[in-house]
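Chemist:
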Amino acid sequence: MHSVRSQAVPVSLTEYVFQRKLINTFRLYIYLKFKTSGIVSSKSSVFKDLLEIRGLTSSKTIKKHLSKLIEMNWVGYNSHSSNYFLRNIQYICNNLNLDTKKVVKITISDLGNLTVFSFTLRKYIRGTILPR
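Those letters in the sequence shown? Residues 17 to 148, by my numbering.
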């Protein structure tokens, strides 16, 4: 199984996600970025592992957020191979006209508390809290 330690995510993308209440959809996307090479079979065990992540507690919820990712074109799907293809973050930001200069590193442990993570990040960027 492919596994990444951290993922650089543009701050503008985290703001986009937070403002549009896409936290759990984003959580699924980032989890798949961590645990796959960018291509994942619809029958992969990675989807069972997702049930351990806060906010993604049922197969129905996962399917809902996966459908949203496909709708937003963050993930592609090939019905012949039954594979999902994760678009890279640069591609997503370009399509949304988001700035990619400022990034934050997200680790897999951040996924459980992504709402708090995003909120704290927004306050930090706006200068209302100071870095440690």
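Note that the Cβ used here is the ideal one computed from N, Cα and C, for glycine as well.
Exposed or buried, which one is Thr96 when buried takes at least 16 other CB atoms within 10 Å?
Modeler: For clarity, residue 96 is His in the given sequence; the question names Thr instead. That one is exposed.
Chemist: What's the C-alpha gap between Asn94 and Ile55?
Modeler: Their backbone Cα atoms lie some 10 Å apart in a straight line.
Chemist: Just curious, the alpha helix (DSSP H) that Asn40 is in, first and last residue?
Modeler: Looking at the DSSP string, the run of the alpha helix (DSSP H) that includes Asn40 is 39–51.
Chemist: With a CB to CB cut of under 6 Å and the five nearest residues on each side skipped, what residues in its chain are close to Lys80?
Modeler: For Lys80, where only same-chain residues beyond five positions count, there are no Cβ hits under 6 Å.
Chemist: Measure the alpha-carbon distance for Leu29 versus Ser125 and round it to whole angstroms.
Modeler: Looking at the two C-alpha atoms, the distance is approximately 19 Å.
Chemist: Alpha carbon to alpha carbon, how far is Thr77 from Thr144? Give it in angstroms, no decimals.
Modeler: With a pLDDT of only 45 at Thr144, under the threshold of 50, the placement of this residue in the model should not be trusted; the figure read from the coordinates follows. Roughly 34 Å separates the two Cα atoms.
Chemist: Is Gly44 near Leu102, with beta carbons less than 8 Å apart?
Modeler: One point to set straight first is that residue 44 is Leu, not Gly, in the sequence displayed. No, Cβ-Cβ distance for Leu44 and Leu102 is not below 8 Å.
Chemist: Taking DSSP as the reference, what is the three-state secondary structure of Lys79?
Modeler: In this structure, Lys79 counts as helix in the three-state DSSP scheme.
Chemist: Between the alpha carbons of Leu146 and Ser83, how many angstroms are there, rounded?
Modeler: Low confidence applies to Leu146: its pLDDT is 40, below 50, so where it sits in the model is not reliable, and the reading given next is rough at best. Each residue's alpha carbon lies about 38 Å from the other.
Chemist: Could you give the first and the last residue of the continuous beta strand (DSSP E) run that contains Thr123?
Modeler: Here the beta strand (DSSP E) through Thr123 covers 119–123.
Chemist: Near Asn104, what residues of its chain come up, given a Cβ to Cβ distance below 8 Å and the 5 sequence neighbours on each side ignored?
Modeler: Gly54, listed in sequence order.
Chemist: DSSP state of Leu72, grouped into three classes?
Modeler: The answer is coil: DSSP assigns Leu72 none of H, G, I, E or B.
Chemist: Taking its Cβ as the centre, do 16 or more other Cβ atoms sit within 10 Å of Lys121, making it buried, or is it exposed?
Modeler: Classification of Lys121: exposed, given that the 10 Å Cβ count is below 16.
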